[in-house]
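Contents: one structure, followed by commentary.
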């Protein structure tokens with residue numbers, strides 16, 4: 007089932023999540039990431055997912071946002087990356103800088 011179909015499903019409606027509430031929450035998480043990317047000087051942060059994964063963003067160059075704000079890509083120093091849908095971002099937390 008796609009996201010659009012899920013939004014209209016009885017399960018989503020039973021959970022009491024209106025379209026505005028669901029979309030607003032995801033927009034706030036992406037907006038939080040945008041704000042942290044624009045902070046000068048940059049402060050490292052972590053993106054926490056619904057699955058419990060924690061991805062550290064040590065510099066602004068380690069992260070890219072989809073233009074529509076539907077997902078983020080976090081790049082790692084070993085040339086790998088992970089794409090996280092906005093739906094799965096549950097928190098954005100400040101990381102302690104590596105000394």
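In the working numbering, the protein residues as written are 7 to 105. Note that the Cβ used here is the ideal one computed from N, Cα and C, for glycine as well.
In DSSP terms, what residue i is bridged to
i           : result
residue 100 : 51
residue 69  : 80
residue 87  : 81
residue 63  : 51
residue 95  : 55
Nearest neighbour of residue i, chosen from the options [CA to CA]
i          : options        : result
residue 87 : 37, 33, 67     : 67
residue 93 : 54, 46, 64     : 54
residue 37 : 46, 75, 49, 65 : 75
residue 77 : 44, 41, 57, 91 : 91
residue 45 : 95, 65, 85     : 65
residue 57 : 102, 95, 48    : 95
Assumed close pair residue i, residue j - CB separation to whole angstroms, cut-off 8 Å
i          : j          : result
residue 51 : residue 63 : 5 Å
residue 80 : residue 69 : 6 Å
residue 89 : residue 49 : Contact flag wrong, Cβ pair sits at about 23 Å.
residue 98 : residue 42 : 7 Å
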